[in-house]
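Protein chains: 2
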Amino acid sequence: MGIIINKETPVFSISAAAKLLNISVHTLRMYEREGLIVPFQKESGHRLYSQSDIERLRCIRSAINESKISIAGIKTIYSLIPCWKITGCSDNDKSNCSAYKEHGKPCWTYSHHNNICAVLECRDCSVYKNHTECGTIKETIINILEKQ
Amino acid sequence: MGIIINKETPVFSISAAAKLLNISVHTLRMYEREGLIVPFQKESGHRLYSQSDIERLRCIRSAINESKISIAGIKTIYSLIPCWKITGCSDNDKSNCSAYKEHGKPCWTYSHHNNICAVLECRDCSVYKNHTECGTIKETIINILEKQ
DNA sequence: AGTAATTGATATTTATAAATGTCAAAAAAT
DNA sequence: ATTTTTTGACATTTATAAATATCAATTACT
Numbered sequence: 001m002g003i004i005i006n007k008e009t010p011v012f013s014i015s016a017a018a019k020l021l022n023i024s025v026h027t028l029r030m031y032e033r034e035g036l037i038v039p040f041q042k043e044s045g046h047r048l049y050s051q052s053d054i055e056r057l058r059c060i061r062s063a064i065n066e067s068k069i070s071i072a073g074i075k076t077i078y079s080l081i082p083c084w085k086i087t088g089c090s091d092n093d094k095s096n097c098s099a100y101k102e103h104g105k106p107c108w109t110y111s112h113h114n115n116i117c118a119v120l121e122c123r124d125c126s127v128y129k130n131h132t133e134c135g136t137i138k139e140t141i142i143n144i145l146e147k148q
Numbered sequence: 149m150g151i152i153i154n155k156e157t158p159v160f161s162i163s164a165a166a167k168l169l170n171i172s173v174h175t176l177r178m179y180e181r182e183g184l185i186v187p188f189q190k191e192s193g194h195r196l197y198s199q200s201d202i203e204r205l206r207c208i209r210s211a212i213n214e215s216k217i218s219i220a221g222i223k224t225i226y227s228l229i230p231c232w233k234i235t236g237c238s239d240n241d242k243s244n245c246s247a248y249k250e251h252g253k254p255c256w257t258y259s260h261h262n263n264i265c266a267v268l269e270c271r272d273c274s275v276y277k278n279h280t281e282c283g284t285i286k287e288t289i290i291n292i293l294e295k296q
């Protein structure tokens, strides 16, 4: 059998994740409702968290508790990632995309029927996976600007 | 005589500005201490605010009160403005600049002895003047990315 | 010269975001 | 089959960021 377990494999239940992070399951659901995280969902609706999800949540917790950035602030910061450059959106994709045109919410909180994002779960997209904290976001802005 | 009064002319005392905004003078000084605003300072140390400053402060108030973004969040958002592309920093300028290398604080909260920013008061720099709220910041990121 | 406004620094208050608690129904595990 | 966990929705608590208050010293008006 070919089961591969890596950092992206969803393995922790919500209670296991909560214990690892020393927070309550309510808090985890709140972060999800706010669009900070996108855990894997089974058909039943039950959530599963990967090691990557845990690390992402540690960053979020640090932003809230150490850096004193509010949840609304984190959402807005995520919304400034130039996702369209990472995904390779066409002009048409962009004109159909709220994530491109608006701000205040991360791109992965929008539904993507009519553009390039429809081919991939947001959870598996590098825009989501690679950007957990502000340092990485600034690096991305710099990299995209210097590269082209 | 050639006195020109426009939106950038510092004319309001701190108490006048506080009244216009319906806040206390303490709050205005706090925003300054946090690096959100850079009012004009007389030799005596007394502050003067322009019409532009008032509008900037309205944006900041709206971010805090309506959008629920914390002051630390606003600072981090400001720190994501690609200032080096606006000022035309050289590679050497960048390597000497904390605003380029770090994040969490707006570029105008750093001292700029040793790069292109030394020639202009931050208060008079378009990085500061043109970016009061998140919409403009996203627009700038988009514009810089599409232009080049 | 005398009143009013501003300064910075420290302490206090208040508003509310973030986190938890509770509940009944549904799903999963043993 | 029974126990445990998860679900969503609503209510409550708590921690603290944001805003004020107070103070003596300094500066600015008239």
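Residue numbers (the numbering used here), protein chains in the order written: chain A, 1 to 148; chain B, 149 to 296.
Here a beta-carbon is modelled for each residue, glycine too, at the ideal position from N, C-alpha and C.
Please read all numbers here as calculations on a predicted model, not as lab measurements.
Within 8 Å (strictly less), CB to CB, does residue i reach chain B?
| i | result |
| --- | --- |
| I86 (chain A) | no |
| K68 (chain A) | yes |
| L36 (chain A) | no |
| A72 (chain A) | yes |
| L28 (chain A) | no |
| I141 (chain A) | yes |
| I144 (chain A) | yes |
| C176 (chain A) | The question about residue 176 (chain A) has no answer here: the residues shown for chain A are numbered 1 through 148. |
| C97 (chain A) | no |
| H103 (chain A) | yes |
Along the chain, where does the alpha helix (DSSP H) that runs through residue i open and close?
| i | result |
| --- | --- |
| E66 (chain A) | Taken as a continuous stretch (DSSP letters only), E66 (chain A) belongs to no alpha helix (DSSP H), as it is neither H nor E. |
| H26 (chain A) | 25-34 |
| G283 (chain B) | 282-295 |
| H229 (chain B) | Per the sequence shown, residue 229 (chain B) should be read as Ile rather than His. Element bounds for I229 (chain B): n/a, residue is neither H nor E. |
| I153 (chain B) | Counting along the chain, I153 (chain B) falls outside any alpha helix (DSSP H), and DSSP gives it neither H nor E. |
| K242 (chain B) | 239-243 |
| K101 (chain A) | 98-101 |
| I37 (chain A) | Taken as a continuous stretch (DSSP letters only), I37 (chain A) belongs to no alpha helix (DSSP H), as it is neither H nor E. |
| I162 (chain B) | 162-169 |
| V275 (chain B) | 274-277 |
Under three-state DSSP, which class holds residue i?
| i | result |
| --- | --- |
| L196 (chain B) | strand |
For residue i, tell me which candidate among the options has the shortest Cα-Cα distance.
| i | options | result |
| --- | --- | --- |
| I234 (chain B) | B:K295, B:S172, B:R195, B:I171 | B:K295 |
| I212 (chain B) | A:A72, A:P39, A:L57 | A:A72 |
| Y179 (chain B) | B:L268, B:F160, B:D201, B:E191 | B:D201 |
| P254 (chain B) | B:V186, B:K167, B:A166 | B:V186 |
| E8 (chain A) | A:V119, A:C125, A:G135 | A:C125 |
| C282 (chain B) | B:W256, B:W232, B:C207 | B:C207 |
| I285 (chain B) | A:K101, A:A18, A:E66 | A:K101 |
| I264 (chain B) | B:N240, B:K277, B:G252 | B:N240 |
| K42 (chain A) | A:R61, A:G104, A:F12 | A:F12 |
| T175 (chain B) | B:F188, B:L196, B:R209, B:I152 | B:R209 |
| G104 (chain A) | B:Y276, B:N278, B:K242, B:E214 | B:E214 |
| S79 (chain A) | A:V127, A:H46, A:N6, A:E139 | A:V127 |
| C83 (chain A) | A:K129, A:R29, A:I5 | A:K129 |
With a cut-off of 8 Å on the beta carbons, I'd call residue i and residue j a contact; round off their distance for me.
| i | j | result |
| --- | --- | --- |
| I225 (chain B) | I81 (chain A) | Their Cβ separation, rounded to whole angstroms, is 12 Å, which puts I225 (chain B) and I81 (chain A) out of contact at 8 Å. |
| N262 (chain B) | N291 (chain B) | Between N291 (chain B) and N262 (chain B) the Cβ distance is about 28 Å, and since that is not below 8 Å, they are no contact. |
| Y258 (chain B) | A266 (chain B) | With 8 Å as the limit, Y258 (chain B) and A266 (chain B) do not qualify as a contact, their Cβ atoms being about 11 Å apart. |
| T280 (chain B) | E203 (chain B) | 7 Å |
| L184 (chain B) | I217 (chain B) | Contact doesn't hold; Cβ gap of about 11 Å is too wide. |
| P10 (chain A) | S44 (chain A) | Contact doesn't hold; Cβ gap of about 13 Å is too wide. |
| C237 (chain B) | W256 (chain B) | With a Cβ gap of about 14 Å, C237 (chain B) and W256 (chain B) do not count as contacting. |
| G141 (chain A) | I289 (chain B) | Sequence check: residue 141 (chain A) is Ile here, not Gly. Confirmed, Cβ separation roughly 7 Å. |
| T172 (chain B) | A166 (chain B) | Looking at the sequence provided, one finds Ser at residue 172 (chain B) rather than Thr. That pair is a contact at about 6 Å. |
| L120 (chain A) | L293 (chain B) | In fact, because the Cβ distance is near 22 Å, the residues do not count as touching under 8 Å. |
| L196 (chain B) | L169 (chain B) | In fact, because the Cβ distance is near 15 Å, the residues do not count as touching under 8 Å. |
Say whether chain A places a C-beta atom closer than 8 Å to the C-beta of residue i.
| i | result |
| --- | --- |
| L228 (chain B) | yes |
| C237 (chain B) | no |
| T224 (chain B) | yes |
| C279 (chain B) | The sequence given here places His at residue 279 (chain B); Cys does not occur at that position. Cβ-Cβ to chain A under 8 Å: no for H279 (chain B). |
| K366 (chain B) | Residue 366 (chain B) is absent from the model: chain B starts at 149 and stops at 296. |
| C255 (chain B) | no |
| G283 (chain B) | yes |
| G193 (chain B) | no |
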